[in-house]
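Every letter in the sequence shown is one number past the one before it in the working numbering, and letter 209, counting from 1, is 256. Ideal Cβ placement from N, Cα and C applies to all residues, glycine included. Everything numeric in this text was worked out from a predicted model, so none of it was measured.
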Amino acid sequence: MLKEIDTFAKEFLEFSKDKPIRIISHYDTDGITSAAILAKTFKRLDKKFSIRIVKGLEESIIREELKRQPNEVILISDLGSSSLDHFKNLDYPVFILDHHEIDSTKVNDKIKIINHHLTSNPEDNTATGAGLCYLFAKSISPENQDLSSLAIIGLIGDRHETNLSKINQQIVTDAQDLKIKKGIAIYPATRPLRRALEWSTSPYIPGVTGSGPGAMEILRETGIPYNKTLLELSDEEMSKLITAVMVRRAQHGKAEDILGNLYILKFFNTKEDVREISTLVNACSRLGHSDIAISYCLENEKAKTQALDIYTKYKQELVSGLKVAEKMDKIKGKGFVILNAKDQIKDAIVGTICSMLSSSPTYEQGTILIGMAYNKDKIKVSARIVGHEGRNLKEVLEKTVTTFKGENPQTIAEVGGHHFAAGCLVEKEKESSFIETLKRELEVEIVKV
């Protein structure tokens, strides 16, 4: 794939020679770090550029942005692969760096795209949007190797760290300020454990997550000082903590492995847990402050102060949202649960709430969790799966929307995402109809031959 990226970079630089660049990127951590990498790259080239961060590439957004051609060059990151129908009859090329699932038959000569699904060896080339933007930047100049740290934040944000592909391993190797340590996968590993445990959502710890007294109790039980960080634990203390967490999860039917790699990165000249950086970036953007999120990624001190304030509010929102989700009435079926939060949970965090619940011991492996929340006159739909096996969530939602469009031809429903995390938008007025269509699709069982 590196050869394809080199070709892509040369084409892009040639086409954008005397034109300003319009960057369009997704609003999650991967999309924000993608935009930050591209911004830094173009700033170093002294190129003019502007950035637009979006929740999804709706048809209206694409039409609006294409009007900028031919005066501006459009570069889309961490988006675009599921929107190729809207790029059928282009007069000028669009450039896309994306990792989501794609229908290769829809690619034409005006769509210049890098996507590992289009390579002969997708597994080895699996990368996030930020990873692809980093490789693009590095292809332009070796000086951009320092941007690998942003690619790592995007990688962790999109949960690609558990099984590193060859291309992701190369990006990790490029990051000179990165330290990796094995341990219990609680974050932040650089903050006092009494706080890290209380705010731990992945893994979710029954009786501890969201409970200050519960966090203090587990530390008293293990004899670990409250203000010690995960990085400071001895092997014996780490072992005691792992056992205590496993016991609490086992009581709720799951005692799966909760170990993982702790990624520590030098950021703002301080050792920081990459998972916390990733969550903070995500928090800022999802709460409507994508400009602060990008500035924070570029290590702007003023943005750091603002971002930390937003992050504190975000954590409070998550714990509150989690409690609402646990208590609300749910639509349950074989292998799925629908949480229709309406206006009780913000649309910006309903997907995160589903991710938190997917790591809790409440649901069986393979269970599909669907979160729904109002967004003005629309409903944000987010799908997550418990564990790392089960139905392809993007396919599930695509089939649902295809059926739904057959019954509601005027719907604006659009799907994005991948195997383990997907989402869509649908009109609020069609709420009941969509839920019935969704239930029918979720109740279809896969028969293994």
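Can you give the beta carbon distance from residue i to residue j, rounded, assuming they're within the 8 angstroms contact cut?
| i | j | result |
| --- | --- | --- |
| SER196 | ALA56 | That pair is no contact at about 20 angstroms. |
| ILE218 | ILE199 | 7 angstroms |
| ILE426 | GLU478 | 6 angstroms |
| LEU144 | CYS180 | 5 angstroms |
| PRO235 | ALA243 | 6 angstroms |
| ALA83 | LEU345 | 6 angstroms |
| LEU122 | HIS73 | At roughly 13 angstroms, the Cβ-Cβ gap does not stay under 8 angstroms, so LEU122 and HIS73 are not in contact. |
| ILE214 | ALA174 | 5 angstroms |
| GLU119 | PRO67 | 5 angstroms |
| ILE417 | VAL433 | Rounded, the Cβ-Cβ distance is 12 angstroms, inconsistent with contact. |
| VAL255 | ARG295 | 7 angstroms |
| HIS466 | ASN439 | 5 angstroms |
| LEU92 | ILE70 | That pair is no contact at about 13 angstroms. |
| GLU436 | GLN412 | 7 angstroms |
Going by DSSP in three states, residue i sits in which element: helix, strand or coil?
| i | result |
| --- | --- |
| HIS73 | strand |
| GLY398 | helix |
| VAL431 | In the sequence on display, residue 431 carries Arg and not Val. Three-state result, ARG431: strand. |
| VAL154 | coil |
| MET419 | strand |
| GLU478 | helix |
| PHE59 | helix |
| LEU137 | coil |
| SER97 | strand |
| GLU106 | helix |
| LEU288 | helix |
| GLU346 | coil |
| SER186 | helix |
| ALA236 | coil |
| THR414 | coil |
| ALA222 | coil |
| ALA302 | With a pLDDT of only 48 at ALA302, under 50, the local geometry of the prediction cannot be trusted, and no value is derived from it. |
| ILE231 | strand |
| ILE149 | coil |
| LEU355 | helix |
| TYR273 | coil |
| ILE68 | strand |
| LEU144 | strand |
| VAL473 | strand |
| THR88 | helix |
| LYS370 | helix |
| THR248 | strand |
| LYS114 | coil |
Can you give the Cα-Cα distance for residue i and residue j, rounded to whole angstroms?
| i | j | result |
| --- | --- | --- |
| ILE482 | LYS275 | 47 angstroms |
| SER332 | THR326 | 10 angstroms |
| ILE160 | PHE142 | 6 angstroms |
| LYS233 | ILE98 | The sequence shown places Ile at residue 233, not Lys. Taking the straight line joining both Cα atoms gives about 33 angstroms. |
| ILE493 | LYS318 | Only weak support is given to the placement of ILE493: the predicted model assigns it a pLDDT of 46, under 50, and the value that follows is read from those uncertain coordinates. Straight-line Cα distance between these residues: approximately 46 angstroms. |
| LEU137 | LYS157 | 6 angstroms |
| GLU245 | PRO456 | 47 angstroms |
| PHE59 | THR166 | 19 angstroms |
| ILE100 | GLU106 | 15 angstroms |
| MET375 | THR447 | 24 angstroms |
| GLY300 | VAL292 | Because GLY300 carries a pLDDT of 49, less than 50, the predicted location of this residue cannot be relied on, and the following value inherits that uncertainty. Near 13 angstroms, if we compare the C-alpha coordinates of VAL292 and GLY300. |
| ASP224 | PRO239 | 22 angstroms |
| CYS401 | ARG431 | 6 angstroms |
| ALA460 | LEU266 | 48 angstroms |
| LEU211 | ASN172 | 10 angstroms |
| SER405 | ILE324 | 21 angstroms |
| HIS133 | ILE109 | 7 angstroms |
With the cut-off set at 8 angstroms, would you say residue i and residue j are in Cβ contact?
| i | j | result |
| --- | --- | --- |
| SER81 | ALA177 | yes |
| MET45 | TYR273 | Outside the shown range of the chain, which is 48 to 496, sits residue 45, and nothing can be said about it. |
| THR498 | PHE451 | Residue 498 cannot be examined here, being either before or after the span of the chain that is shown, 48 to 496. |
| ALA354 | ILE378 | no |
| ASN162 | SER124 | no |
| ASP513 | ASP205 | No answer is possible for residue 513: the residues shown for the chain start at 48 and end at 496. |
| VAL384 | TYR343 | no |
| LEU472 | GLY230 | no |
| GLY463 | GLY453 | no |
| VAL366 | GLY259 | no |
Taking the beta strand (DSSP E) that residue i falls in, what are its first and last residues?
| i | result |
| --- | --- |
| GLY307 | 306-314 |
| VAL384 | 383-389 |
| GLY380 | 378-380 |
| THR317 | 317-320 |
For the alpha helix (DSSP H) holding residue i, just list the boundary residues, first then last.
| i | result |
| --- | --- |
| GLY463 | That residue, GLY463, is in no alpha helix (DSSP H); its beta strand (DSSP E) goes 461-464. |
| ASP171 | 169-172 |
| ILE123 | Segment 120-124 is the beta strand (DSSP E) holding ILE123; no alpha helix (DSSP H) there. |
| PHE451 | 440-454 |
| ILE392 | Note, ILE392: premise wrong, no alpha helix (DSSP H); not H, not E. |
| GLY195 | Reading the sequence as shown, one finds Ser at residue 195 and not Gly. Run containing SER195: 195-204, per the alpha helix (DSSP H) assignment. |
Taking 8 angstroms as the CB-CB cut-off, is residue i touching chain D?
| i | result |
| --- | --- |
| GLN353 | Checking the listed chains, one finds no chain D in this structure; it contains a single protein chain. |
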